[in-house]
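Colleague: Below is one structure. I have some questions about it.
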Amino acid sequence: MSKLLVKADKGHGHVAHVTPQSAGWTYVGFDLHRLKPGETASGKTGDREVCLVFVTGKGKASAGGKELGLLGGRMSPFEGKPWSVYVPQGADWSVTADTELELAVCSAPGLGGGLPVRVIRPDDLGQEVRGKGTNTRYVTNILPEGKPADSLLVVEVITPGGHTSSYPPHKHDQDNLPAESYLEETYYHRLNPPQGFAFQRVYTDADRNGVRELDEAMAIEDGDVVLVPKGYHPCAACHGYDLYYLNVMAGPKRTWKFHNAAEHEWLMKA
Numbered sequence: 290m291s292k293l294l295v296k297a298d299k300g301h302g303h304v305a306h307v308t309p310q311s312a313g314w315t316y317v318g319f320d321l322h323r324l325k326p327g328e329t330a331s332g333k334t335g336d337r338e339v340c341l342v343f344v345t346g347k348g349k350a351s352a353g354g355k356e357l358g359l360l361g362g363r364m365s366p367f368e369g370k371p372w373s374v375y376v377p378q379g380a381d382w383s384v385t386a387d388t389e390l391e392l393a394v395c396s397a398p399g400l401g402g403g404l405p406v407r408v409i410r411p412d413d414l415g416q417e418v419r420g421k422g423t424n425t426r427y428v429t430n431i432l433p434e435g436k437p438a439d440s441l442l443v444v445e446v447i448t449p450g451g452h453t454s455s456y457p458p459h460k461h462d463q464d465n466l467p468a469e470s471y472l473e474e475t476y477y478h479r480l481n482p483p484q485g486f487a488f489q490r491v492y493t494d495a496d497r498n499g500v501r502e503l504d505e506a507m508a509i510e511d512g513d514v515v516l517v518p519k520g521y522h523p524c525a526a527c528h529g530y531d532l533y534y535l536n537v538m539a540g541p542k543r544t545w546k547f548h549n550a551a552e553h554e555w556l557m558k559a
C-alpha cells in the first residue's frame with residue numbers, strides 16, 4: 290500500500306490521525322472522529338489553529354471557553370453545505386454528538402494572529418463550479434484565503450461519477466511567489482454509494498532520464514485520506530459513484546498559487 294494512503298479505522302472513535310511528524314512534513318494535520326450520540330471529541334490547539342468541520346451530523350460545541358450551541362445539520366456530505374468552527378491557537382475545544390457525527394479536525398501552525406473563535410455557518414460559504422464537461426466539479430470554500438486564519442486553507446469538493454477533479458494536473462510545491470506557493474495538502478475522501486472506489490495519482494515531473502521522484506497511483510475507498518507532500522495530484526471518480534473530498538492545505542504563506550502540468554495545460558483552452 291502506498292505510504293501516501295491513510296486508511297481510516299472502521300467504526301466509531303478517533304478513526305484517522307495525521308500529524309506533521311507522521312506525514313513527514315511541516316504544516317498540515319488532520320484528524321477524523323466518528324461519534325455516536327452522546328460521545329465527545331475534544332482537544333487543545335496549543336501552538337496550532339484548528340478548523341472543525343461537521344462533515345455529517347449534529348453536535349453541541351464549545352471552544353475557547355464559549356458555548357457555541359448545537360451545530361451541524363446535513364446527514365450526508367453530498368447534500369448542502371457544512372457547519373464549521375475556527376479555533377485559534379491557545380484554546381481548547383469540545384464537541385458532543387447529538388446525532389451520529391463525523392467531525393474533521395483540520396490543523397496548521399498558529400502565527401499569533403489573535404483571531405477569535407468563530408462559527409462558520411453554511412450561509413457564510415461561497416460555492417463555485419469549476420471545469421467543464423466531464424471535468425466539472427462543485428466546490429464549497431470553507432476557509433479560503435480571503436477569510437481570517439493564520440495558516441489554514443480548507444475546502445470541500447464534489448466530483449460527479451465519471452468526472453475528473455484536481456485536473457488538469459496541478460501542483461503547489463515551490464515557495465516561488467507570485468508564480469507558485471508551497472502548500473502541503475490532505476484529501477479526505479467519501480464515496481456515494483459508499484461501496485464504490487475512485488483513483489488518485491500523486492506524481493512529480495520527470496527528470497531528463499524520464500525518472501520521477503514520486504509517482505503513486507492509488508485506489509481510493511470511502512473514508513480514505515491521501516497525503517500530498519509534493520507534485521501533481523489529480524482524481525478520477527468512476528461511473529456511478531460520486532466522489533466527495535475535504536482538502537486541508539497549509540504552508541509558509543497562506544495563498545493558493547498553483548502550476549499546471551505543462552503537457553496537459555492545453556486542456557484549459559480546449
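Using the working numbering, the first residue of the sequence shown is number 290, and each one after it goes up by one. Heads up, the beta-carbon is just placed ideally off N, CA and C, and yes, glycines get one too. Bear in mind the structure is a predicted one, so any value in this text is a computation, not a measurement.
Which stretch, first to last residue, makes up the beta strand (DSSP E) that contains A305?
Modeller: As a position in the sequence shown, residue 305 is number 16, starting the count at 1. Its beta strand (DSSP E) spans residues 302–307.
Colleague: Return the residue from the list G420, Y375, H301 that minimises the CA-CA distance to E554.
Modeller: Here residue 554 refers to the residue found at position 265 when the sequence shown is read from its first residue. Per the Cα distances, G420.
Colleague: Short of 6 Å in beta carbon distance, which residues of its chain neighbour E445, apart from the five on each side in sequence? Order them along the chain.
Modeller: Position 156 of the sequence shown, counting from 1, holds the residue named residue 445. So the qualifying residues of the chain are T429, L535.
Colleague: Under 9 Å between the Cβ atoms of R503 and V491?
Modeller: Your numbering for residue 503 matches position 214 in the sequence shown. Your numbering for residue 491 matches position 202 in the sequence shown. As written in the sequence, residue 503 is Leu, which differs from the Arg given in the question. A contact, by the Cβ cut-off of 9 Å.
Colleague: Which whole-angstrom value describes the C-beta separation of H459 and Y521, a residue pair presumed to lie in contact below a C-beta threshold of 8 Å?
Modeller: As a first step, residue 459 is located in the sequence shown; it is residue number 170 there, counting from the start. As a first step, residue 521 is located in the sequence shown; it is residue number 232 there, counting from the start. That belief holds up - the Cβ atoms of H459 and Y521 are roughly 6 Å apart, short of 8 Å.
Colleague: Can you confirm whether the segment 353–368 touches the segment 301–317 when touching is taken to mean that 3 or more C-beta pairs between the two stretches lie within less than 8 Å?
Modeller: No: fewer than three Cβ pairs fall under 8 Å.
Colleague: Just grab the DSSP bridge partners of Q489 for me.
Modeller: As a working mapping, residue 489 is identified with position 200 in the sequence shown. According to DSSP, which records beta bridges pairwise, Q489 is partnered with M507, C524.
Colleague: For H528, count neighbouring C-beta atoms within 10 Å of its own C-beta (all shown protein chains included) and say buried if the count is 16 or more, exposed if not.
Modeller: The count along the sequence shown starts at 1 and reaches residue 528 at position 239. When all chains shown are included, H528 counts as exposed.
Colleague: With the cut-off set at 9 Å, would you say H452 and F547 are in Cβ contact?
Modeller: Looking up residue 452 in the sequence shown gives position 163. Looking up residue 547 in the sequence shown gives position 258. No, the Cβ-Cβ distance between H452 and F547 is not below 9 Å.
Colleague: Thinking V374 and L357 are a contact (beta carbons under 8 Å), I'd like their distance in whole angstroms, please.
Modeller: One-based indexing of the sequence shown puts residue 374 at position 85. One-based indexing of the sequence shown puts residue 357 at position 68. At roughly 6 Å, the Cβ-Cβ gap stays under 8 Å, so V374 and L357 are in contact.
Colleague: Which one of W382, G422, V406, Q463 has the shortest CA to CA distance from A559?
Modeller: Locating residue 559 in the sequence shown gives position 270, where the first residue counts as 1. Cα-wise, what sits closest to A559 is G422.
Colleague: So, using beta-carbon positions, are C524 and T448 closer together than 9 Å?
Modeller: In the sequence shown, the residue the question calls residue 524 occupies position 235. In the sequence shown, the residue the question calls residue 448 occupies position 159. Yes, the pair counts as a contact, with Cβ atoms nearer than the cut-off.
Colleague: Beta carbon of G399, beta carbon of D381: below 9 Å?
Modeller: Walking along the sequence shown from the start, residue 399 turns up at place 110. Walking along the sequence shown from the start, residue 381 turns up at place 92. Going by C-beta atoms, G399 is not nearer than 9 Å to D381.
Colleague: May I have the straight-line CA-CA distance separating S291 from G362, to the nearest angstrom?
Modeller: The count along the sequence shown starts at 1 and reaches residue 291 at position 2. The count along the sequence shown starts at 1 and reaches residue 362 at position 73. Answer to the nearest angstrom: the Cα atoms are 35 Å apart.
Colleague: Do three or more CB pairs link the segment 338–347 to the segment 390–397 at distances below 8 Å?
Modeller: Contact holds: three or more Cβ-Cβ distances are below 8 Å.
Colleague: Could you check where the beta strand (DSSP E) with W372 kicks off and where it finishes?
Modeller: As a first step, residue 372 is located in the sequence shown; it is residue number 83 there, counting from the start. That run of the beta strand (DSSP E) goes 372–376.
Colleague: For the beta strand (DSSP E) that F343 lies in, which residues bound it at each end?
Modeller: In the sequence shown, counting from the first residue as 1, residue 343 sits at position 54. Run containing F343: 337–345, per the beta strand (DSSP E) assignment.
Colleague: What are the partner residues of E469, as DSSP defines its beta bridges?
Modeller: On the sequence shown, residue 469 is found 180 positions in, with the first residue counted as 1. According to DSSP, E469 bridges with N465.
Colleague: Let me know the secondary structure DSSP gives S455 once reduced to three states.
Modeller: In the sequence shown, the residue the question calls residue 455 occupies position 166. Correct three-state label for S455: coil.
Colleague: Using CA atoms only, rank isn't needed, just tell me which of D494, D298, T308, Q310 is closest to L324.
Modeller: Position 35 of the sequence shown, counting from 1, holds the residue named residue 324. Of the candidates D494, D298, T308, Q310, the one whose C-alpha sits nearest the C-alpha of L324 is D298.
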